[in-house]
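Take a look at the structure below.
Protein chains: 2
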Amino acid sequence: MGEFDLIERFFKRPARQADVGIGDDCAIWTPQPGHQLAISADMLVEGRHFLSTVDPVRLGHKSLAVNLSDLAACGATPRVFLLSLALPRADENWLAGFSTGLFQLADAHGCELIGGDTTQGPLNIAITVMGEVPCAQAVLRSGARAGDDLYVSGYLGDARLALEAFRGHISLPQSVFDAARLRMEMPEPRLALGQSLRGVATAMADISDGLLGDLGHILKASKVGAEIDLTATADLMAVSADWKCPADLASHCVLSGGDDYELVFTAPAEARGLVLAAAAHAHTRVTRIGQITPAPGLVLHDAHGQPVQHHHRSFDHFA
Amino acid sequence: MGEFDLIERFFKRPARQADVGIGDDCAIWTPQPGHQLAISADMLVEGRHFLSTVDPVRLGHKSLAVNLSDLAACGATPRVFLLSLALPRADENWLAGFSTGLFQLADAHGCELIGGDTTQGPLNIAITVMGEVPCAQAVLRSGARAGDDLYVSGYLGDARLALEAFRGHISLPQSVFDAARLRMEMPEPRLALGQSLRGVATAMADISDGLLGDLGHILKASKVGAEIDLTATADLMAVSADWKCPADLASHCVLSGGDDYELVFTAPAEARGLVLAAAAHAHTRVTRIGQITPAPGLVLHDAHGQPVQHHHRSFDHFA
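Taken in order, these protein sequences are the chains called C and R. Under this note's numbering, read the first sequence as residues 12 to 330, first letter to last. Under this note's numbering, read the second sequence as residues 12 to 330, first letter to last.
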């Protein structure tokens with residue numbers, strides 16, 4: 012199977028959104044008038060972002076999901092994406108699985124593959140995704156204001172819990188491991204919630220490097236600080252419903268685990284009703300975990316309102 | 012040096028075109044009304060697309076150049092790009108050189124880096140580039156018509172000549188090797204020519220996999236054939252001016268060498284004056300090498316007008 016056969020068999024589909032899709036020097040696409048483009052790129056490397064043993068269907072899903080999560084964090088609607096793929100060899104089973112997982116998620120969000128590249132090399136998946144947002148309505152990291160409530164979507168920490176088990180650091184009941192692994196391998200980008208929060212959230216980011224690290228980006232960009240109530244974050248893991256995670260491990264996974272692809276966002280206290288309405292509309296739970304402070308820095312409070320020392324570090328590929 | 016320091020030091024510059032540049036979940040950018048977007052992605056892998064010993068300044072140039080060449084082939088004007096980079100380590104000298112070469116070319120064409128990703132992994136450079144073209148004016152591969160003239164821009168075959176020397180298959184005088192190597196490592200995307208040919212060229216493609224292979228894409232998309240006059244292609248190498256290349260080697264390098272990043276295009280015979288005017292306007296030489304035929308297939312003619320057998324193969328990463 013050659014390069015062009017590979018593209019033809021696994022990746023080329025009739026263009027719907029694009030004026031010209033795969034097969035010319037460029038894709039040609041016409042964005043809607045009155046909108047801005049939101050554009051993001053993520054690269055996934057074997058052994059770094061995923062295990063070599065991962066089910067290729069799940070890998071196809073996750074590769075696009077982590078990109079869509081960035082669109083969600085801006086409140087954008089996905090439109091088109093490009094896939095550049097370095098493969099050690101043209102493995103038909105792998106390609107069939109990967110493309111299936113990729114297109115299932117793409118189709119669920121109306122996001123069309125319009126181009127990319129395929130080459131031989133160490134396994135590397137580089138996606139660029141483009142979405143639209145009505146002019147001046149993108150939610151940025153820089154809009155948080157002192158007094159705003161602080162929220163997270165969905166569940167945090169399960170992906171890190173699964174990773175700890177994969178690494179052999181902990182042992183989990185099979186059902187707990189399976190559930191945590193599903194969260195690690197099949198994250199759901201919170202697109203509906205992100206879009207519903209346009210005009211409501213003052214600042215938003217997606218959680219890929221850990222809650223505290225990604226919240227830190229909001230605080231830095233907005234020149235504010237935050238207080239987090241640890242009683243509100245204690246049960247944020249999805250597996251908490253059926254299994255009692257040791258408190259230290261839960262705290263580590265939830266606060267700085269990473270690979271969550273949930274949203275952390277801020278909104279004025281008077282918008283609590285609007286936040287709940289957005290969450291209901293998006294069928295996505297949100298949890299209020301603290302508030303924004305005028306003084307910079309991040310303070311964690313325990314159940315008694317006492318500040319707790321923390322030494323959490325955000326993930327850094329070169330640290 | 013951590014991941015964020017690396018981005019800050021080598022890649023982050025004030026946003027000019029973008030509404031929001033590097034540093035949020037997405038870049039936000041507003042294309043011009045009345046234009047379509049032309050979008051392309053190319054991935055470069057060490058050992059496959061470049062030698063590990065290449066000067067990082069030249070590599071930065073080439074990484075963007077091969078992407079801009081796809082925009083040139085559609086007649087688009089470059090606007091913004093995203094860079095995803097997997098690096099074995101954060102090598103400051105390498106990053107300083109790479110970013111210098113990258114930005115020199117980007118600045119020359121007003122193309123702004125608005126986002127991307129940085130991760131640890133085997134060296135891999137994935138760029139997505141976006142340009143604009145006035146609505147319905149993109150030059151596609153599918154517009155060639157029987158009777159059209161067939162042209163190439165600039166020089167062909169030098170990159171392949173340099174590669175043959177690097178591989179030790181041939182020995183070249185130092186000055187010839189240096190000139191050929193410069194063509195291999197510092198290709199100049201033909202953006203001015205591509206834009207000047209809007210409304211003149213009926214079909215266009217960039218030459219990355221070799222003239223015959225990339226012309227083949229035009230012929231297939233346009234459902235036509237072509238005749239090439241080999242006397243017109245004999246001296247297309249830039250080094251031909253100063254050095255007599257053996258005819259067989261020259262033919263191989265020019266017709267199927269690849270890595271040229273020139274344009275192959277077609278235009279009606281009555282537009283010859285317009286083609287020459289476009290070439291003069293773009294300060295880029297063009298050579299008429301044949302014509303489009305109604306019958307499919309590609310026929311090469313020698314100096315006596317006799318058909319010549321050819322067994323040239325286009326480059327295929329998985330063949």
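We put the CB at the ideal spot given by N, CA and C, even for glycine. Here the structure is a predicted model, which is why all the values come from computation and not from measurement.
By the neighbour-count criterion, in which 16 or more other beta carbons inside 10 Å mark a residue as buried, R:Thr295 falls on the buried side. Against chain R, the CB of C:Trp40 has a partner CB under 8 Å away; the residue lies at that interface.
Here R:Met197 has Arg69, His72 and Lys73 as same chain residues with Cβ atoms under 7 Å from its own Cβ, once five neighbours each way along the sequence are excluded. In the three-state reduction of the DSSP assignment, C:Glu175 falls in the helix class.
For a cut-off of 8 Å, the C-beta gap from C:Asp270 to C:Ala170 is around 4 Å, short enough to register as a contact. Here R:Trp40 is bridged, per DSSP, to C:Leu48. Excluding sequence positions up to five before and after C:Ile229, its CB lies within less than 6 Å of the CB of Arg152, Ala155, Ala214 and Ala216, all in the same chain and listed in chain order. If the five residues before and after C:Pro99 are omitted, its C-beta is found closer than 8 Å to the C-beta atoms of Gln131, Gly132, Pro133 and Leu134, all from its own chain and listed in chain order. From the beta-carbon of C:Ala117, no residue of chain R is found nearer than 9 Å; the closest lies around 16 Å away. In this structure the stretch 46-65 of chain R touches the stretch 137-151 of chain R; the number of beta carbon pairs closer than 8 Å is three or more. For C:Thr295, there is no enclosing beta strand (DSSP E), as DSSP marks it with neither H nor E.
Within the stretch 164-218 of chain C, complete alpha helix (DSSP H) segments of at least 4 residues are found at 169-177, 185-196 and 202-207, given in chain order. For the stretch 87-138 of chain C, the full-length beta strand (DSSP E) segments reaching 3 residues or more read 88-98 and 123-131 along the chain. Here R:Gln317 is exposed: its Cβ has fewer than 16 other Cβ atoms, across all protein chains shown, within 10 Å.
At a cut-off of 8 Å, the C-beta of C:Ala149 has a neighbouring C-beta in chain R.
In this structure C:Gly236 is in contact with C:Gly308, their Cβ atoms being roughly 5 Å apart against a cut-off of 8 Å. Taking a cut-off of 8 Å for Cβ pairs, the stretch 203-210 of chain R and the stretch 290-304 of chain R touch, as three or more such pairs fall below it. Per the coordinates, the alpha-carbon of C:Arg59 lies some 12 Å from the alpha-carbon of C:Leu174. Restricting attention to alpha helix (DSSP H) runs no shorter than 4 residues, the stretch 252-282 of chain C encloses them at 258-267, ordered along the chain. Taking a beta-carbon distance threshold of 8 Å, R:Met195 does not count as an interface residue toward chain C. Here C:Val56 is actually not in contact with R:Ala101; their C-beta atoms are around 15 Å apart, not less than 8 Å.
About 4 Å separates the beta carbon of C:Ile239 from that of C:Gly301, a gap short enough to meet the 8 Å contact definition. In the DSSP annotation of this structure, the continuous segment of the alpha helix (DSSP H) that includes C:Ile18 starts and ends at Glu14 to Phe21. Shortest Cα-Cα distance from R:Leu287 to any of R:Val211, R:Glu19 and R:Phe61 involves R:Val211. Measuring C-alpha to C-alpha distances from R:Ser80 to each of C:Arg90, C:Thr111 and C:Asp35 identifies C:Asp35 as the nearest. Closer than 8 Å to the CB of C:Ser51 there is at least one CB belonging to chain R. Annotation for R:Ala237: the continuous beta strand (DSSP E) segment containing it runs Gly236 to Asp240. Listed along the chain, the chain C residues whose CB falls inside 8 Å of the CB of R:Pro44 are Pro44.
For C:Asn104, no chain R residue has a C-beta closer than 7 Å to its own C-beta; the minimum C-beta separation is roughly 15 Å. Annotation: the continuous alpha helix (DSSP H) that includes C:His228 extends over Leu222 to Ser233. Residues of chain C whose Cβ lies closer than 7 Å to the Cβ of R:Gly127 are, in chain order, Ala52. Within chain C, the residues Ala52, Leu93 and Thr139 have their CB atoms less than 7 Å from the CB of R:Thr139, given in chain order. In summary, the residues of the stretch 17-35 of chain C whose CB is separated from some CB of chain R by less than 8 Å are Leu17, Asp30, Val31, Gly34 and Asp35, in the order they occur in the chain.
In the three-state DSSP reduction, C:Pro145 falls in the strand class (E or B).
For R:His60, there is no enclosing beta strand (DSSP E), since its DSSP letter is neither H nor E. With respect to chain C, the C-beta atom of R:Cys37 has a partner C-beta closer than 8 Å.
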